[in-house]
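First the structure, in the form of structure tokens, and then the observations on it.
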Amino acid sequence: MTSAARPDADPTGGRRRSWLTRPMDPQARRTPASRFRSAFPSLLVAAVALGYVALDLGGEQIPTTVPGDVPPLVHAALVLVQSIALLARRHRPLVVLAVVVAADLVVLATTAGELGIGALGVIVAAYTLARRVDRTARLVALVAAAAATALVGAAAMVVGPVGSPAGVVLATAAARVVVLYLLPAVVAEQVRGRERLREALDAQERSVERERREDADRAVRSERAALARELHDIAGHHLSGIIVGAQAATALVASDPERAREMLRTVQDDARITLGDLRRTVGLLRDDEPEASGRPVAAPTMAGIEGLAEAARERGQDVTTVVGGQPRPLGPLAEATAYRMVQESLANAARHAPGAPCRVAVTWTDDQVEVSVRNEAADPALVAPGASTSTGTGYGLAGMAERAELVGARLTTGPDRHHGGWTNRLVLVGDTGRAS
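Right, here's the structure in full:
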């Protein structure tokens, strides 16, 4: 049986709660077992009344005050009134306490303060009120009820037929206050404290679980964005080359068939490389397993920049590379960032500025390395009619910026105001990414 089917189960922890610590929720789904537990205190009080009647029928003498005797059935009826009132204790705790205490006061006043058959009902009503009513209201109600009980009980003992000594009267009044009101209030406060602690722990657990889900969602979104950037960098670069090569082959098929066949072979090579890169990227999703060939998936490095330029030249782009300074190894993330920046820049140049000369410059200094890709303005005669000059999907420049931020590099992109064209510049400072 699940906790949802058990009315006495803790819905947050799966642990069973006693009737003392179970939250009093009048809107909760009622079952026969929960109804019995709710009515159990009332049944106990009713049993006290019946027991009192049985004692009277057995010939027991009950002390009463003057004037005159009150029939025991009247006392039993008052206790039954308490029992019936307690059925509504969770909904009207203040009213129920008033009714129960009033009945108990009548019993005390008519039995010389010696008959305590109404005490159980008072204890149950006081406990319920202490749990369900706010601090100020319960303090006022309990103090008023305790004072009334102490005064009426003491007066009944003083004027009764026995005439109890003052010390006994005071001790009895104090005992009534402690047993009927103070102890139930203390127990109720302890239970309230445990409930507040449990609620705080449950809230904390829900908060931790919510944060865990949010972290997992952020991780998934981050991985998806990284995968989208990687796929864009790979496919965008090679597919741009394939498109350019296919267009060139189409233009040369009649005038220079040999050159057209060479361009088609380049297109085939680019398609094969693209497929391999995509397979390697998808392989990263498989728990970092190696490729089917058994070789680990290698991240691109700056050593491959010259290969990017050479592949672009084979596709017909006018690409010049310049390297200055003494190269040194960087971290894998930093080198991959530089490689992808050059790859994306050359792909953008082929897409948006066909035929425009490109210059790839890598400059090493003691404290940084600067990688820049600049293409001249496109010749309008070489731009196909209707060709888009937008930035495309947005993964290109945005992906560059995110990669640069990841390794703490500086990236600037934009048109060249003085000479026209476009320049992307990446600056890796110091040992950026060495430990990545």
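Residue numbers for the sequence shown, in the numbering used here: 2 to 437.
Glycine included, every Cβ here is placed at the ideal spot set by N, Cα and C.
Select from the options the residue whose C-alpha is nearest the C-alpha of residue i.
| i | options | result |
| --- | --- | --- |
| residue 86 | 127, 117, 113 and 110 | 127 |
| residue 98 | 84, 32, 109 and 111 | 84 |
| residue 47 | 77, 33, 364 and 39 | 77 |
| residue 408 | 252, 337 and 171 | 337 |
| residue 106 | 93, 95, 94 and 122 | 122 |
| residue 243 | 92, 358, 378 and 276 | 276 |
| residue 343 | 377, 168 and 426 | 426 |
| residue 306 | 91, 363 and 222 | 363 |
| residue 110 | 141, 151 and 93 | 151 |
| residue 332 | 198, 216 and 301 | 301 |
| residue 303 | 36, 255 and 365 | 365 |
| residue 174 | 155, 346, 73 and 398 | 155 |
| residue 420 | 371, 357, 397 and 398 | 357 |
| residue 397 | 418, 241 and 270 | 241 |
| residue 361 | 172, 418 and 313 | 313 |
| residue 92 | 256, 39 and 33 | 39 |
| residue 137 | 209, 168, 95 and 104 | 95 |
Compute the beta-carbon to beta-carbon distance between residue i and residue j, rounded to the nearest angstrom, for a pair I have assumed lies under 8 Å.
| i | j | result |
| --- | --- | --- |
| residue 323 | residue 369 | So it is not a contact: roughly 17 Å between Cβ atoms. |
| residue 71 | residue 100 | Between residue 100 and residue 71 the Cβ distance is about 19 Å, and since that is not below 8 Å, they are no contact. |
| residue 102 | residue 42 | Wrong, their Cβ atoms sit about 15 Å apart, outside the cutoff. |
| residue 422 | residue 377 | 4 Å |
| residue 355 | residue 379 | 7 Å |
| residue 1 | residue 170 | The chain is shown only over 2 to 437; residue 1 falls outside these bounds and no answer can be derived. |
Excluding the 5 residues flanking residue i on each side, which residues of the same chain have their C-beta closer than 7 Å to its C-beta?
| i | result |
| --- | --- |
| residue 139 | 130 and 131 |
| residue 89 | 97 |
| residue 249 | 264 and 317 |
| residue 49 | 80, 118 and 121 |
| residue 189 | 128, 131 and 132 |
| residue 208 | none |
| residue 372 | 339, 342, 343, 363 and 427 |
Using only the alpha-carbon positions, how far apart do residue i and residue j sit?
| i | j | result |
| --- | --- | --- |
| residue 108 | residue 183 | 21 Å |
| residue 51 | residue 44 | 10 Å |
| residue 374 | residue 400 | 16 Å |
| residue 311 | residue 359 | 12 Å |
| residue 430 | residue 410 | 7 Å |
| residue 226 | residue 220 | 10 Å |
| residue 75 | residue 112 | 12 Å |
| residue 143 | residue 135 | 12 Å |
| residue 203 | residue 176 | 39 Å |
| residue 330 | residue 340 | 13 Å |
| residue 141 | residue 153 | 18 Å |
| residue 308 | residue 254 | 27 Å |
| residue 424 | residue 273 | 30 Å |
| residue 193 | residue 36 | 22 Å |
| residue 262 | residue 345 | 27 Å |
| residue 215 | residue 206 | 14 Å |
| residue 172 | residue 157 | 14 Å |
| residue 259 | residue 326 | 40 Å |
| residue 195 | residue 104 | 32 Å |
| residue 166 | residue 187 | 30 Å |
| residue 321 | residue 223 | 35 Å |
| residue 200 | residue 212 | 18 Å |
| residue 251 | residue 328 | 41 Å |
| residue 198 | residue 191 | 11 Å |
| residue 218 | residue 257 | 55 Å |
| residue 367 | residue 347 | 27 Å |
Using a C-beta cutoff of 9 Å, does residue i count as contacting chain B?
| i | result |
| --- | --- |
| residue 350 | Note that chain B does not occur in the displayed structure, where there is just one protein chain. |
Leaving aside the five residues before and after residue i along the sequence, list all residues of the same chain whose C-beta is less than 6 Å from its C-beta, in chain order.
| i | result |
| --- | --- |
| residue 412 | 401, 402, 405 and 427 |
| residue 246 | 264, 267, 268 and 316 |
| residue 417 | 424 |
| residue 67 | In this prediction, residue 67 scores a pLDDT of 44, lower than 50, which makes its location untrustworthy; the coordinate-derived value is nonetheless stated afterwards. So the list is empty, once near-sequence residues are dropped. |
| residue 210 | none |
Return the chain-ordered list of same chain residues with a C-beta closer than 8 Å to the C-beta of residue i, the five sequence neighbours on each side being excluded.
| i | result |
| --- | --- |
| residue 178 | 147, 150 and 151 |
Taking 8 Å as the cut-off, is the C-beta of residue i nearer than that to any heavy atom in the ligand ZN?
| i | result |
| --- | --- |
| residue 342 | Of ligands this structure carries none, so the ligand ZN is not represented either. |
**Asked** Any contact of the segment 343-355 with the segment 309-317, i.e. 3+ C-beta pairs under 8 Å?
**Response** Of all C-beta pairs linking the segment 343-355 to the segment 309-317, three or more are shorter than 8 Å, placing the two stretches in contact.
**Asked** For the 8 Å Cβ check, are there 3 or more pairs between the segment 140-149 and the segment 167-187?
**Response** The answer is yes - the segment 167-187 touches the segment 140-149, with three or more Cβ pairs under 8 Å.
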